[in-house]
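Enquirer:
In my numbering, the protein residues as written are 7 to 90.
Here it is as structure tokens:
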């Protein structure tokens, strides 16, 4: 189920950086969520690497997903897009 959701997000967001940034911001802001959804975050990361053309482990999205899943935070969090 985690991989199916990861594939869905990868298809939905594709290379749209603001969507990925918002997803990461939302995931990080949920209290205690990184430990609860660690497997999901890692599945999303793997799907991103497999489905996004040219994606590498050092890209910001898989890197942030890894840090969020393993440590509960990311070194340089993305900023939420301003709401107009």
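Where a beta carbon is used, it is the ideal one built from N, C-alpha and C, also for glycine.
Determine the direct distance from the alpha carbon of residue 56 to that of residue 8, and round the result to whole angstroms.
Expert: The alpha-carbon atoms of residue 8 and residue 56 are separated by roughly 15 Å.
Enquirer: Drop a sphere of 10 angstroms on the beta-carbon of residue 19, count the other beta-carbons inside from all chains shown, and report buried for 16 or more, exposed for fewer.
Expert: When all chains shown are included, residue 19 counts as buried.
Enquirer: Spatial neighbours of residue 70 within its chain, please: CB distance less than 6 Å, with the 5 preceding and 5 following residues excluded, ordered by chain position.
Expert: Correct list, in chain order: 30 and 80.
Enquirer: Roughly how many angstroms separate the alpha carbons of residue 21 and residue 72, rounded to a whole number?
Expert: Going by the C-alpha atoms only, they are around 18 Å apart.
Enquirer: Whose CA, out of 50, 41, 10 and 77, lies closest to the CA of residue 26?
Expert: Residue 26 has its Cα closest to that of 50, out of 50, 41, 10 and 77.
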